[in-house]
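Residue numbers (my numbering): 171 to 380.
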């Protein structure tokens with residue numbers, strides 16, 4: 171590599187073309203970076219990663235065909251040292267926790283991307299981690315909390331859509347009493363007063379999306 175060649179090669183995986191274009195516009199102004207490839211879904215992201223072997227991958231969480239978390243896990247299985255920064259519209263600590271657990275080295279909220287993108291990429295490339303201060307505070311605050319199970323999250327998602335316990339039970343093919351028991355567990359884990367409060371907390375923390 172010549173002295174003038176960019177030292178950080180990037181793969182940008184996001185299903186929104188405008189987001190990819192916006193990131194590319196920021197990267198074009200950096201002498202030490204280049205967008206080596208793009209992907210519009212998780213399957214393409216894995217394929218492009220295998221072909222390009224980028225230094226840093228920017229990965230959206232919500233994508234068609236295969237989500238960002240699953241794509242990160244597969245990439246990290248193939249290349250454990252892969253550096254992946256998550257792109258998301260959700261600031262909640264739960265999404266950040268899942269991303270970091272899957273092997274991401276950082277977490278970028280899209281609304282703040284113009285101010286943080288370049289520093290985050292350089293930090294990731296240097297082997298560090300990048301987590302926004304406000305997300306780090308939430309992660310620390312809930313570090314000792316018991317996490318909701320996937321089943322409990324599924325129940326809460328249906329509750330957020332306005333379904334009763336009986337309706338949720340029918341949708342999940344379980345007894346209404348089972349849903350009541352899961353709701354009791356959900357309220358306890360989230361320290362919520364009632365169902366509405368639980369849904370509000372879950373939305374704020376990124377446990378569910380409407």
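Virtual Cβ for every residue (Gly too), placed ideally from N, Cα, C.
For the beta strand (DSSP E) holding residue i, just list the boundary residues, first then last.
| i | result |
| --- | --- |
| residue 290 | It is not in any beta strand (DSSP E) - residue 290 instead sits in the alpha helix (DSSP H) that spans 283-295. |
| residue 279 | 276-279 |
State the Cα-Cα distance for the pair residue i and residue j, rounded to the nearest angstrom.
| i | j | result |
| --- | --- | --- |
| residue 171 | residue 226 | Note that residue 171 scores 44 on pLDDT, short of 50, meaning its location in the model is unreliable and no value can be drawn from it. |
| residue 353 | residue 229 | 33 Å |
| residue 266 | residue 277 | 6 Å |
| residue 319 | residue 355 | 10 Å |
| residue 346 | residue 336 | 5 Å |
| residue 236 | residue 213 | 6 Å |
| residue 275 | residue 246 | 11 Å |
With a threshold of 7 Å on Cβ separation, who are the neighbours of residue i within its own chain once the five nearest residues in sequence on each side are excluded?
| i | result |
| --- | --- |
| residue 178 | 202, 203, 225, 226, 291, 295 |
| residue 338 | 325, 328, 329, 349 |
| residue 371 | 360, 362 |
| residue 272 | 239, 242, 243 |
| residue 322 | 352, 355, 356 |
Could you spell out where the alpha helix (DSSP H) holding residue i opens and where it closes?
| i | result |
| --- | --- |
| residue 329 | 320-330 |
| residue 336 | 335-342 |
| residue 311 | 303-311 |
Short of 8 Å in beta carbon distance, which residues of its chain neighbour residue i, apart from the five on each side in sequence? Order them along the chain.
| i | result |
| --- | --- |
| residue 374 | 262 |
| residue 311 | 263 |
The stretch 192-211 / the stretch 301-318 touching (three or more Cβ pairs under 8 Å) = no
- Secondary structure, beta strand (DSSP E): runs of 3+ residues fully inside the stretch 207-267: 226-230, 254-258
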